[in-house]
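Participant:
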Amino acid sequence: NAGVTQTPKFRVLKTGQSMTLLCAQDMNHEYMYWYRQDPGMGLRLIHYSVGEGTTAKGEVPDGYNVSRLKKQNFLLGLESAAPSQTSVYFCASSEALMNTEAFFGQGTRLTVV
Amino acid sequence: GESVGLHLPTLSVQEGDNSIINCAYSNSASDYFIWYKQESGKGPQFIIDIRSNMDKRQGQRVTVLLNKTVKHLSLQIAATQPGDSAVYFCAENMGRGYQLIWGAGTKLIIKP
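Residue numbers (this note's numbering), protein chains in the order written: chain E, 102 to 214; chain S, 9 to 120.
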């Protein structure tokens, strides 16, 4: 049982480049989330999904897009990367929305130069 | 600013002693609180949660205390072990559909 798997684990982008982060979960969870974690700060919610085909904005959605075409996958896209998007990105999934234990992936460390 | 914060950014504890990690919150409407542990290079891992209709909840070697009067949350770890070294986050939620608001974290260091 792999849980939540994120790819890639590391990536360096040049300003203006685009990329997609992939999250896959094998727990049949309805709810999935993308967070970013910056030094000295807690996690901040970027976007989330309450089920296949749905997405919703979180606290810091600007500059990111997401898609949930399949229940087990949640993709996070950066259309035009900026240095301010240098961060560690975490995907998570849960059985219920927000008020419950979430299972996290190992993170993607993204550097935008 | 963030409604959830921590009193101590770093806590050093002797192995075998009990650890107490504190968290203050400012939103009196919050009704759900959760603690996560994050080891270096890994994603956060659920420890324990508590709802506002409770003031104490116990897990395996951990206890969470909630004091709504002073808007304070604490995580107690009994008989701290080297594997407890991590950053501990508290988070709050005002109810179903609302987003979790995370604190900045407390780093727990275990002294041999």
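Each residue gets a CB set at the ideal place from its N, CA and C atoms; glycine is no exception. Predicted model only: the values in this text are computed from it and were never measured.
1) If we cut at 7 Å on Cβ distances, does tyrosine 96 (chain S) have a partner in chain B?
2) Counting Cβ pairs, one atom from each stretch, are 3 or more of them under 8 Å apart for the segment 135-154 of chain E and the segment 97-114 of chain S?
3) Quick one: list the residues of chain E neighbouring tyrosine 106 (chain S), beta-carbon separation under 8 Å, in chain order.
4) Could you tell me the distance, in whole angstroms, from the CA atom of glutamine 138 (chain E) to the CA atom of aspartate 25 (chain S)?
5) Comparing the C-beta of glutamine 126 (chain E) with each C-beta of chain S, is any distance below 7 Å?
6) Is there contact here, the segment 103-116 of chain E with the segment 159-166 of chain E, by at least three beta-carbon pairs under 8 Å?
7) Per DSSP, lysine 64 (chain S) forms a beta bridge with which residues?
8) Measure from the alpha carbon of leucine 74 (chain S) to the alpha carbon of each residue in S:Thr88, S:Asp39 and S:Lys45, then state which is nearest.
9) State yes or no: is the beta carbon of phenylalanine 111 (chain E) nearer than 7 Å to at least one beta carbon in chain S?
10) Taking Cβ-Cβ distances shorter than 7 Å, what residues in chain E pair up with tyrosine 40 (chain S)?
11) Give a yes or no on whether the minimum CB-CB distance between phenylalanine 175 (chain E) and chain S is below 7 Å.
12) Using a Cβ-Cβ cut-off of 8 Å (strictly less than) and excluding sequence neighbours within five positions of threonine 88 (chain S), which residues of its own chain qualify?
13) Thinking C-alpha only, which one of S:Pro90, S:Pro52, S:Ile85 and S:Ser93 is nearest asparagine 30 (chain S)?
Facilitator: In terms of the structure at hand:
1) Included in the structure are the protein chains E and S, with no chain B among them.
2) Because the criterion of three Cβ pairs below 8 Å is met, the segment 135-154 of chain E and the segment 97-114 of chain S touch.
3) Those are Met199, listed as they occur along chain E.
4) 30 Å
5) no
6) The segment 103-116 of chain E makes no contact with the segment 159-166 of chain E; the number of CB pairs closer than 8 Å stays below 3.
7) S:Leu73
8) S:Asp39
9) Interface with chain S (7 Å Cβ-Cβ cutoff): phenylalanine 111 (chain E) is excluded.
10) Asn200
11) no
12) Val21, Gln22, Glu23, Gly24, Asp25, Asn26, Ser27, Leu116 and Ile118
13) S:Ile85
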